[in-house]
Amino acid sequence: TIPAGIQDASTGNYYIAGGGGAGDDSNHAKGGLGGGGNGSNSGVGTAGSAYTGSGGGGTGKDLGSYLGGNGGSGICIMKYLTTIEDTTTGSDSSNVVDTTYTVRQWYDTTGTNDITFNTTGTVELLLIAGGGSAGGDNSNSAGGAGGGAGGLIYKATYAVIAQKYTITIGAGGTASFSSPSPSGSNSTLVPDSGTTLTAVGGGGGAQADISDSGEGADGGSGGGSRYASGSVDGGKGTYTDDKTTVTDVP
(Lines of atoms letter the chains of each structure in order from A and count residues from 1; the text may use other names and numbers.)
(Lines give C-alpha, C1' and ligand atoms only; values in the text may rest on other atoms or scores of the structure.)
Protein backbone atom coordinates (compact mmCIF):
# COMPACT_ATOMS: atom_id res chain seq x y z
CA THR A 1 0.00 0.00 0.00
CA ILE A 2 0.98 3.65 -0.32
CA PRO A 3 3.55 4.70 2.32
CA ALA A 4 1.89 7.79 3.79
CA GLY A 5 1.00 9.37 7.09
CA ILE A 6 2.42 9.63 10.56
CA GLN A 7 3.18 6.52 12.59
CA ASP A 8 1.63 6.05 16.02
CA ALA A 9 4.42 4.72 18.21
CA SER A 10 2.01 2.85 20.50
CA THR A 11 0.37 0.78 17.76
CA GLY A 12 2.75 0.98 14.79
CA ASN A 13 -0.16 2.04 12.56
CA TYR A 14 0.02 4.98 10.16
CA TYR A 15 -2.58 7.76 10.21
CA ILE A 16 -3.19 10.81 8.05
CA ALA A 17 -5.49 13.87 7.97
CA GLY A 18 -6.17 14.36 11.68
CA GLY A 19 -8.54 17.02 12.98
CA GLY A 20 -7.29 19.89 15.11
CA GLY A 21 -7.83 19.96 18.87
CA ALA A 22 -9.80 22.66 20.68
CA GLY A 23 -8.04 25.19 22.90
CA ASP A 24 -8.90 26.09 26.49
CA ASP A 25 -7.27 27.52 29.61
CA SER A 26 -6.55 24.09 31.10
CA ASN A 27 -8.34 21.19 29.41
CA HIS A 28 -7.09 21.75 25.88
CA ALA A 29 -7.51 18.86 23.44
CA LYS A 30 -4.92 16.95 21.48
CA GLY A 31 -5.11 16.89 17.71
CA GLY A 32 -6.32 13.80 15.90
CA LEU A 33 -3.94 11.02 14.90
CA GLY A 34 -2.32 11.70 11.55
CA GLY A 35 -1.00 15.19 12.21
CA GLY A 36 -3.84 17.21 13.75
CA GLY A 37 -2.57 20.28 15.62
CA ASN A 38 -2.91 20.27 19.40
CA GLY A 39 -5.11 22.83 21.08
CA SER A 40 -3.29 25.28 23.33
CA ASN A 41 -3.88 26.24 26.97
CA SER A 42 -1.84 29.42 26.54
CA GLY A 43 -1.17 31.25 23.31
CA VAL A 44 -1.20 30.13 19.69
CA GLY A 45 -2.55 26.72 18.71
CA THR A 46 -0.31 24.19 16.98
CA ALA A 47 -0.38 23.99 13.18
CA GLY A 48 -1.51 20.82 11.42
CA SER A 49 1.39 18.80 10.03
CA ALA A 50 2.47 19.61 6.48
CA TYR A 51 1.56 17.19 3.67
CA THR A 52 -1.10 15.46 5.78
CA GLY A 53 -4.14 17.71 5.28
CA SER A 54 -4.56 17.95 9.05
CA GLY A 55 -6.49 20.67 10.86
CA GLY A 56 -4.90 23.32 13.06
CA GLY A 57 -5.27 23.40 16.85
CA GLY A 58 -7.32 26.06 18.60
CA THR A 59 -5.78 28.88 20.60
CA GLY A 60 -5.90 28.80 24.38
CA LYS A 61 -7.80 31.14 26.66
CA ASP A 62 -5.15 33.64 27.68
CA LEU A 63 -4.49 37.32 28.20
CA GLY A 64 -3.91 38.89 24.83
CA SER A 65 -4.89 38.11 21.25
CA TYR A 66 -3.77 34.82 19.76
CA LEU A 67 -4.49 33.08 16.49
CA GLY A 68 -5.32 29.42 16.08
CA GLY A 69 -2.98 27.07 14.26
CA ASN A 70 -2.74 26.94 10.47
CA GLY A 71 -4.02 23.90 8.60
CA GLY A 72 -1.58 21.42 7.10
CA SER A 73 -1.12 21.26 3.34
CA GLY A 74 -2.39 18.37 1.25
CA ILE A 75 -0.62 15.81 -0.92
CA CYS A 76 -1.14 13.45 -3.85
CA ILE A 77 0.56 10.05 -3.98
CA MET A 78 0.46 7.43 -6.73
CA LYS A 79 1.88 3.92 -6.73
CA TYR A 80 1.98 1.72 -9.82
CA LEU A 81 3.94 -0.97 -11.63
CA THR A 82 7.23 0.14 -13.16
CA THR A 83 5.98 -1.24 -16.47
CA ILE A 84 3.59 1.74 -16.70
CA GLU A 85 5.58 4.43 -18.50
CA ASP A 86 5.21 8.10 -17.51
CA THR A 87 6.66 11.60 -17.60
CA THR A 88 6.11 14.17 -14.85
CA THR A 89 6.49 17.85 -13.97
CA GLY A 90 6.32 19.62 -10.63
CA SER A 91 7.57 18.85 -7.16
CA ASP A 92 7.41 15.09 -7.22
CA SER A 93 9.78 12.56 -5.75
CA SER A 94 9.96 8.98 -6.92
CA ASN A 95 11.54 5.73 -5.94
CA VAL A 96 11.29 2.14 -7.01
CA VAL A 97 10.06 -0.30 -4.38
CA ASP A 98 11.69 -3.74 -4.68
CA THR A 99 12.08 -3.15 -8.46
CA THR A 100 8.34 -3.66 -8.99
CA TYR A 101 6.57 -0.39 -8.14
CA THR A 102 7.08 3.34 -8.77
CA VAL A 103 5.86 5.71 -6.05
CA ARG A 104 5.40 9.40 -6.83
CA GLN A 105 4.20 12.21 -4.60
CA TRP A 106 3.23 15.81 -5.24
CA TYR A 107 3.13 18.40 -2.47
CA ASP A 108 3.76 21.83 -4.06
CA THR A 109 0.75 24.06 -3.40
CA THR A 110 1.89 26.88 -5.70
CA GLY A 111 3.31 25.34 -8.87
CA THR A 112 1.95 23.23 -11.71
CA ASN A 113 2.10 19.49 -11.27
CA ASP A 114 1.18 16.88 -13.84
CA ILE A 115 1.86 13.35 -14.95
CA THR A 116 1.47 11.91 -18.44
CA PHE A 117 1.02 8.18 -18.75
CA ASN A 118 2.21 6.68 -22.02
CA THR A 119 0.38 3.39 -21.51
CA THR A 120 -2.84 2.23 -19.90
CA GLY A 121 -2.92 0.61 -16.47
CA THR A 122 -4.09 1.04 -12.89
CA VAL A 123 -2.55 3.03 -10.06
CA GLU A 124 -3.09 3.18 -6.33
CA LEU A 125 -4.09 6.77 -5.58
CA LEU A 126 -4.27 8.95 -2.48
CA LEU A 127 -5.41 12.59 -2.82
CA ILE A 128 -5.74 14.83 0.27
CA ALA A 129 -6.91 18.44 0.52
CA GLY A 130 -5.53 21.14 2.79
CA GLY A 131 -6.66 21.20 6.43
CA GLY A 132 -8.72 23.98 7.95
CA SER A 133 -7.19 26.58 10.26
CA ALA A 134 -8.31 26.84 13.87
CA GLY A 135 -10.20 29.55 15.68
CA GLY A 136 -8.42 32.26 17.67
CA ASP A 137 -9.26 34.30 20.75
CA ASN A 138 -9.20 38.08 20.57
CA SER A 139 -10.57 38.92 24.04
CA ASN A 140 -9.58 36.25 26.56
CA SER A 141 -13.11 34.83 26.44
CA ALA A 142 -12.54 31.14 25.73
CA GLY A 143 -10.45 28.75 23.67
CA GLY A 144 -10.72 28.57 19.88
CA ALA A 145 -12.16 25.59 18.01
CA GLY A 146 -10.02 23.16 16.03
CA GLY A 147 -9.88 23.09 12.24
CA GLY A 148 -11.28 20.19 10.24
CA ALA A 149 -9.10 17.74 8.34
CA GLY A 150 -8.92 17.99 4.56
CA GLY A 151 -11.05 15.62 2.53
CA LEU A 152 -9.43 12.40 1.37
CA ILE A 153 -9.90 10.30 -1.77
CA TYR A 154 -8.34 6.85 -1.83
CA LYS A 155 -8.60 4.43 -4.73
CA ALA A 156 -6.89 1.06 -4.60
CA THR A 157 -7.28 0.66 -8.38
CA TYR A 158 -7.65 3.89 -10.33
CA ALA A 159 -7.64 3.26 -14.09
CA VAL A 160 -5.40 5.51 -16.19
CA ILE A 161 -4.99 5.83 -19.94
CA ALA A 162 -2.39 7.40 -22.21
CA GLN A 163 -3.00 11.09 -21.45
CA LYS A 164 -2.03 13.93 -19.10
CA TYR A 165 -3.38 14.30 -15.56
CA THR A 166 -3.01 17.73 -13.91
CA ILE A 167 -2.66 17.80 -10.13
CA THR A 168 -3.42 20.72 -7.81
CA ILE A 169 -2.44 20.42 -4.15
CA GLY A 170 -4.55 22.29 -1.62
CA ALA A 171 -2.85 24.61 0.86
CA GLY A 172 -3.81 24.56 4.51
CA GLY A 173 -5.95 27.42 5.76
CA THR A 174 -4.03 30.40 7.19
CA ALA A 175 -5.47 31.32 10.58
CA SER A 176 -7.10 34.71 11.06
CA PHE A 177 -9.44 36.40 13.53
CA SER A 178 -12.42 35.84 11.23
CA SER A 179 -15.01 33.33 12.38
CA PRO A 180 -14.87 30.69 11.24
CA SER A 181 -11.15 30.84 10.51
CA PRO A 182 -10.20 30.16 6.86
CA SER A 183 -10.75 26.70 5.48
CA GLY A 184 -8.20 24.62 3.58
CA SER A 185 -8.06 24.56 -0.22
CA ASN A 186 -9.23 21.72 -2.43
CA SER A 187 -6.88 19.22 -4.06
CA THR A 188 -7.80 18.02 -7.54
CA LEU A 189 -6.76 15.46 -10.13
CA VAL A 190 -7.90 16.57 -13.60
CA PRO A 191 -7.48 14.21 -16.57
CA ASP A 192 -7.41 15.66 -20.08
CA SER A 193 -10.43 13.44 -20.71
CA GLY A 194 -12.59 11.98 -17.96
CA THR A 195 -13.90 12.79 -14.49
CA THR A 196 -12.17 15.26 -12.20
CA LEU A 197 -11.48 14.06 -8.67
CA THR A 198 -11.84 16.74 -5.97
CA ALA A 199 -10.84 16.35 -2.33
CA VAL A 200 -12.54 19.16 -0.40
CA GLY A 201 -10.53 21.38 1.96
CA GLY A 202 -11.09 21.07 5.70
CA GLY A 203 -13.46 23.53 7.37
CA GLY A 204 -12.13 26.35 9.55
CA GLY A 205 -12.78 26.36 13.29
CA ALA A 206 -14.87 29.02 15.02
CA GLN A 207 -13.25 31.87 16.90
CA ALA A 208 -13.93 32.19 20.61
CA ASP A 209 -15.23 35.73 20.83
CA ILE A 210 -17.11 36.72 17.70
CA SER A 211 -20.81 37.60 18.00
CA ASP A 212 -22.07 35.27 15.30
CA SER A 213 -23.53 31.77 15.21
CA GLY A 214 -20.30 30.21 16.48
CA GLU A 215 -20.47 27.38 13.97
CA GLY A 216 -17.45 25.84 12.28
CA ALA A 217 -17.15 25.96 8.49
CA ASP A 218 -18.27 23.09 6.27
CA GLY A 219 -15.49 21.21 4.50
CA GLY A 220 -13.91 17.86 3.81
CA SER A 221 -14.22 17.45 7.55
CA GLY A 222 -16.14 20.23 9.26
CA GLY A 223 -14.45 22.76 11.53
CA GLY A 224 -15.29 22.79 15.23
CA SER A 225 -17.80 25.12 16.88
CA ARG A 226 -16.95 27.37 19.79
CA TYR A 227 -18.10 27.02 23.38
CA ALA A 228 -21.53 28.56 23.89
CA SER A 229 -24.38 28.42 26.38
CA GLY A 230 -26.72 27.00 23.76
CA SER A 231 -26.42 24.35 21.07
CA VAL A 232 -23.91 25.22 18.34
CA ASP A 233 -23.14 22.95 15.39
CA GLY A 234 -19.73 22.11 14.02
CA GLY A 235 -19.23 22.32 10.29
CA LYS A 236 -20.62 19.63 8.00
CA GLY A 237 -18.30 17.12 6.36
CA THR A 238 -18.31 16.30 2.64
CA TYR A 239 -18.62 12.93 0.93
CA THR A 240 -17.21 12.81 -2.58
CA ASP A 241 -17.11 10.07 -5.19
CA ASP A 242 -16.60 10.10 -8.96
CA LYS A 243 -20.10 11.34 -9.71
CA THR A 244 -21.57 13.08 -6.68
CA THR A 245 -20.61 15.56 -4.03
CA VAL A 246 -22.82 15.57 -0.94
CA THR A 247 -22.26 18.35 1.61
CA ASP A 248 -24.91 17.38 4.13
CA VAL A 249 -23.00 14.86 6.21
CA PRO A 250 -23.33 15.82 9.89
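Counting from 2, one number per residue, gives the positions in the sequence shown under the working numbering.
Every residue, glycine too, gets a C-beta built ideally from N, C-alpha and C.
Quick check: residue i and residue j, are their CB atoms within less than 7 Å of each other?
{"i": "Y200", "j": "A135", "result": "Here residue 200 is Ala; the residue named in the question, Tyr, does not match the sequence. No; because the gap between Cβ atoms is not below 7 Å, this pair is not in contact."}
{"i": "G70", "j": "G54", "result": "no"}
{"i": "Y166", "j": "L190", "result": "yes"}
{"i": "Y108", "j": "I154", "result": "no"}
{"i": "G1", "j": "G75", "result": "The shown model of the chain, from 2 to 251, leaves out residue 1, and the question about it has no answer."}
Who are the near neighbours of residue i in its chain, counting only those whose CB is closer than 6 Å to its CB and skipping five residues on each side?
{"i": "I85", "result": "T120 and G122"}
{"i": "G204", "result": "G133, G149, S184, G217, A218, D219, G220, G223, G224 and G236"}
{"i": "T89", "result": "I116"}
{"i": "T110", "result": "S74, I170 and A172"}
{"i": "D87", "result": "I116 and F118"}
Can you find the residues in the same chain that come closer than 7 Å, C-beta to C-beta, to residue i, ignoring five residues on each side of it along the sequence?
{"i": "A157", "result": "E125"}
{"i": "A160", "result": "T123"}
Measuring only the C-alpha atoms, how far is residue i from residue j?
{"i": "I162", "j": "P192", "result": "9 Å"}
{"i": "G145", "j": "A207", "result": "6 Å"}
{"i": "G173", "j": "P181", "result": "14 Å"}
{"i": "S230", "j": "G217", "result": "Because the pLDDT at S230 is just 48, under 50, the model does not fix this residue reliably, and the point stays unresolved."}
{"i": "G202", "j": "T100", "result": "35 Å"}
{"i": "G137", "j": "G147", "result": "9 Å"}
{"i": "G215", "j": "Q164", "result": "46 Å"}
{"i": "L198", "j": "N114", "result": "15 Å"}
{"i": "C77", "j": "I168", "result": "8 Å"}
{"i": "T60", "j": "A176", "result": "10 Å"}
Does the Cβ of residue i have 16 or more other Cβ atoms within 10 Å, making it buried, or fewer, making it exposed?
{"i": "L82", "result": "exposed"}
{"i": "G112", "result": "exposed"}
{"i": "T196", "result": "exposed"}
{"i": "S186", "result": "buried"}
{"i": "S226", "result": "buried"}
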